[in-house]
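The block underneath contains the structure these notes are about, expressed in structure tokens.
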Amino acid sequence: MLEKLHGIYPALYGKNYDEKDMDRRFESLIDKHKELFKRDDVMLFSAAGRSEIAGNHTDHNLGLVIGATINLDTIACVSKRDDSRVIIASEGFPVVDVDISDLEIKSEERNTTEALIRGIAKAFRERGIEVGGYQANTTTRVLKGSGLSSSAAIEVLAAEIFNNIYGSDKLDPVELAKIGQYAENVYFGKPSGLLDQISCAHGGIVGIDFKDPKNPLITPLDVDFEEHGYALVITDTKGNHADLTEEYASVPPEMRMVASYFGKDNLREVEYADFINNIKEIREKLKNDRAILRAYHFFKENERVALMLQELKDESIDTFLMLVEESGNSSFKYLQNVYPSSSPSEQGLSLALALSEDVLEGEGASRVHGGGFAGTIQAYVPEYMVDKYIRRMESVFGEGCSTCIAIRKLPVARIL
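Residues in the sequence shown are numbered consecutively from 6, following this note's numbering.
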């Protein structure tokens with residue numbers, strides 16, 4: 006069975022993977038399924054994490070982003086059940102056991118995987134696809150708390166299992182992403198956008214235009230940074246995410262405060278010229294300079310993402326990397342999500358960016374990754390400098406803080 010996976014590994018994990026390591030990983034997963042569920046007739050599924058390439062905090066105001074599916078994934082060994090129970094045993098977590106014959110929202114399940122499974126099943130039923138039970142065990146290499154969207158990976162994985170077993174793969178990755186978002190918004194209780202789910206589900210690098218959030222415009226890109234001599238490195242600064250909810254939550258409404266000055270709901274509906282020509286009046290009305298600066302970031306980042314899309318299409322990597330640096334600087338100065346204003350003494354991301362600048366010496370690029378305030382930075386590191394770069398990061402943030410990631414070609418899928 007494992008030999009059949011050998012031809013699939015490159016599309017899942019890029020060029021620099023350890024075949025024996027992956028064989029051991031899948032063999033252990035299958036053996037665990039037999040131990041837990043006493044079944045040999047198994048299926049294998051994989052859903053990956055994601056990296057934000059461009060568009061920092063633009064999606065929630067109907068902006069432009071670039072996302073990428075990466076080579077760190079959650080894998081599942083699955084067997085079908087004859088009843089309506091969905092049982093998921095994820096390594097390191099309590100077993101989830103949901104009877105999807107009942108798809109009512111449960112207030113006591115808010116913020117749980119049980120809520121997600123129930124919501125995903127409901128979304129399939131609303132699309133006219135009846136679903137039933139399955140049992141699965143999973144293991145993941147999507148780093149937790151690193152902005153790589155381990156939760157979105159689980160959502161689209163659970164949706165693809167339903168889609169394959171009961172839906173004959175009728176739904177495409179974008180529709181599976183919408184299902185994950187629905188479950189997260191309505192059942193789980195988190196008002197997330199679609200960026201994470203689409204980036205996890207689609208495969209490859211994609212430009213996403215959220216002007217119509219229910220039907221985002223997807224632009225697939227065929228780019229391999231390794232072919233241009235760069236490694237994509239994520240560094241976890243091990244910052245404390247506790248008590249940062251208000252920091253994250255302040256960004257969308259502050260941008261919308263500026264939009265509301267013009268009678269609009271989102272900044273995408275406002276013309277930049279109108280914004281820039283009315284700053285004095287906006288400032289007098291809102292009395293919030295940070296909101297204005299964050300709006301400025303939105304407008305400039307949207308322009309930049311459009312340029313970055315074109316540069317990636319043209320494979321003009323040097324110009325693209327220059328724009329990556331511009332994006333990072335805009336996040337630092339205007340969006341102001343590199344460290345929490347509530348705790349200015351904790352600036353791990355700022356320090357990591359300073360160290361990156363020192364090591365790279367004008368080559369490659371680095372920027373805040375994902376939501377910001379704490380967590381990770383993203384760097385494009387020339388391949389000959391990767392060892393030096395990682396050693397420098399580890400000397401400050403600890404062994405294993407930096408991870409080289411690659412772009413995954415395959416969408417969320419049943420792989421065997």
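From the three backbone atoms N, C-alpha and C, an ideal C-beta is built for every residue, glycine too.
Check                                                                                                                                                             : Outcome
Going along the chain, which residues of its own chain have a beta-carbon closer than 7 Å to the beta-carbon of Y14, five neighbours each way excluded?           : Y22, E24, M27
For F50, which residues does DSSP report across the bridge?                                                                                                       : A81, R419
Tell me whether P196 is buried or exposed, calling it buried when 16 or more other Cβ atoms sit within 10 Å of its Cβ.                                            : exposed
Starting from Y235 and walking both ways along the beta strand (DSSP E), at which residues does that stretch end?                                                 : 235–241
What separation, rounded to the nearest whole angstrom, lies between the Cα atoms of V386 and C409?                                                               : 10 Å
I'd like the span of the alpha helix (DSSP H) that includes G212, first residue to last.                                                                          : Per DSSP, G212 belongs to no alpha helix (DSSP H); it is in the beta strand (DSSP E), 210–214.
Is it right to say P99 is buried, meaning 16 or more other beta carbons lie within 10 angstroms of its own, or is it exposed?                                     : exposed
Is the CB-CB distance between A141 and A81 below 9 Å?                                                                                                             : yes
Determine the extent of the alpha helix (DSSP H) in which S361 is found, giving its start and end residues.                                                       : 353–365
Mind the definition here: the region 358–376 touches the region 314–322 only if three or more C-beta pairs lie below 8 Å; say whether that holds.                 : no
Can you tell me the Cα-Cα spacing of I382 and D64, whole angstroms?                                                                                               : 19 Å
Counting only runs that start and end within the region 164–205, where is the alpha helix (DSSP H) found for 4 or more residues in a row?                         : 178–187
Taking the C-alpha atoms as reference points, what is the distance between E251 and N66?                                                                          : 18 Å
For L162, which residues from the same chain have a beta carbon less than 8 Å from its beta carbon, with the 5 sequence-adjacent residues on both sides left out? : F50, S51, A52, T79, A81, T143, V417
Using DSSP with H/G/I as helix, E/B as strand and the rest coil, what is D227?                                                                                    : coil
Could you tell me the distance, in whole angstroms, from the CA atom of E232 to the CA atom of L312?                                                              : 21 Å
Hey, is the region 227–244 in contact with the region 265–284, meaning 3+ C-beta pairs nearer than 8 Å?                                                           : no
Rounded to a whole number of angstroms, what is the C-alpha to C-alpha distance between A158 and G54?                                                             : 6 Å
What residues are listed by DSSP as bridge partners for L69?                                                                                                      : D214
Candidates V147, L317, V263, I75: which alpha carbon is nearest H207's?                                                                                           : I75
Looking only at its chain, what residues have a beta carbon closer than 6 Å to the beta carbon of K85, apart from the 5 residues adjacent to it on each side?     : Y139, I170
How many Å lie between A264 and V275 at the Cα?                                                                                                                   : 7 Å
What is the DSSP secondary structure of N423, counted as helix, strand or coil?                                                                                   : In the structure as shown, the chain begins at 6 and stops at 421. Residue 423 is therefore absent and cannot be evaluated.
I'd like the list of long-range same chain contacts for R273, defined as Cβ closer than 7 Å, with 5 residues on each side in sequence excluded.                   : N66, L67, G68, K216
State yes or no: is the C-beta of G212 within less than 9 Å of the C-beta of L314?                                                                                : yes
Give the straight-line distance between the Cα atoms of F377 and S348, rounded to the nearest whole angstrom.                                                     : Here the sequence assigns Gly to residue 377, which means Phe is not the residue at that position. The straight-line gap from Cα to Cα measures roughly 14 Å.
Within 10 angstroms of the Cβ of S407, are there 16 or more other Cβ atoms? Answer buried if so, exposed if not.                                                  : buried
What's the C-alpha gap between G12 and L34?                                                                                                                       : 19 Å
Please report the residue range of the alpha helix (DSSP H) in which N334 lies.                                                                                   : 322–335
With 16 as the cutoff for other CB atoms within 10 Å, does M398 come out buried or exposed?                                                                       : buried
So V310 packs on I71, CB below 8 Å; how close in whole Å?                                                                                                         : 6 Å
Could you check how far apart the C-beta atoms of A384 and G19 are, in whole angstroms? I think they sit under 8 Å.                                               : Contact doesn't hold; Cβ gap of about 17 Å is too wide.
For E308, count the other beta carbons within 10 Å of its own beta carbon; 16 or more makes it buried, fewer makes it exposed. Which is it?                       : exposed
Going by alpha carbons, who is nearest to G198 out of A16, H62, L340?                                                                                             : H62
V147 and I105 look like a contact to me (Cβ under 8 Å); what is the Cβ gap, rounded to whole Å?                                                                   : With 8 Å as the limit, V147 and I105 do not qualify as a contact, their Cβ atoms being about 25 Å apart.
By alpha-carbon positions, which one of V343, R30, I58 ends up nearest to L226?                                                                                   : I58
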